[in-house]
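Below is one structure, written out as structure tokens; the observations come after it.
In the working numbering, the protein residues as written are 381 to 559.
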């Protein structure tokens, strides 16, 4: 059994299928099934033609949005559940953050890791995102730190910041001056 909800409503954590629905008035739903355990994160590709999903089954799956059962490719590289996935603005890379405290960076064309996993957080990596204008990934963790990773010359350098909990103001800074 599975539950299908519109995209603007949260999916219960007990569901494993990935459901994509259009808004009213016409409600078309495409259900993507394939993960063995619950889906913890999803992200649309910049072109809108595929969706990446991270799961508690330690895999990432890239789905064709239009084809219900078509997994473009499964990605394996984490040793624990995937809490966050994010595409690069040019759709060449996919980043994933995991309970295993690492960030993996994948080639979207080959499905292969482009480097060894990025290590630096002391607890689960709960969120990852690419800078829209620079070659930088930002990650957040349950260890209360935010890390910036410069993806240049295969030498991944990072800078860590301690997150201030309870503040509602977003963190703003010029990324290239920091890393």
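Heads up, the beta-carbon is just placed ideally off N, CA and C, and yes, glycines get one too.
Residues that residue i bridges to, as DSSP identifies them
i           : result
residue 442 : 432, 453
residue 506 : Residue 506 is not bridged to any residue.
residue 498 : 483
residue 477 : 464, 483
residue 424 : 431
residue 521 : 505
Given residue i as reference, the closest of the options once Cα atoms are compared
i           : options            : result
residue 465 : 516, 421, 452      : 421
residue 419 : 435, 426, 427, 430 : 435
residue 438 : 424, 492, 457, 430 : 457
residue 416 : 539, 433, 429      : 433
residue 459 : 471, 444, 477      : 477
residue 428 : 446, 507, 440      : 446
residue 523 : 509, 485, 479, 532 : 479
residue 487 : 468, 508, 444      : 468
residue 498 : 489, 483, 509      : 483
residue 508 : 461, 440, 493, 475 : 475
Beta carbon of residue i nearer than 8 Å to that of residue j
i           : j           : result
residue 504 : residue 481 : yes
Beta-carbon contacts of residue i that lie in its chain and below 8 Å, excluding the five residues immediately before and after
i           : result
residue 470 : 426
Residues of its chain near residue i, where Cβ-Cβ distance is below 6 Å and the 5 sequence neighbours each way are ignored
i           : result
residue 404 : Confidence in residue 404 is poor, its pLDDT being 48 and thus under 50, which makes the residue's placement too unreliable to answer from.
residue 442 : 430, 432, 452, 453
residue 502 : 523
Nearest-angstrom Cβ-Cβ length linking residue i and residue j, presumed shorter than 8 Å
i           : j           : result
residue 455 : residue 491 : 6 Å
residue 473 : residue 506 : The pair is not a contact, with the Cβ atoms about 19 Å apart (cut-off 8 Å).
Proximity test, Cβ basis, 8 Å: residue i and chain B
i           : result
residue 489 : Absent from the structure is chain B; it holds one protein chain and no more.
Same chain, Cβ closer than 7 Å to residue i, neighbours up to 5 away in sequence not counted
i           : result
residue 424 : 431
residue 532 : 515
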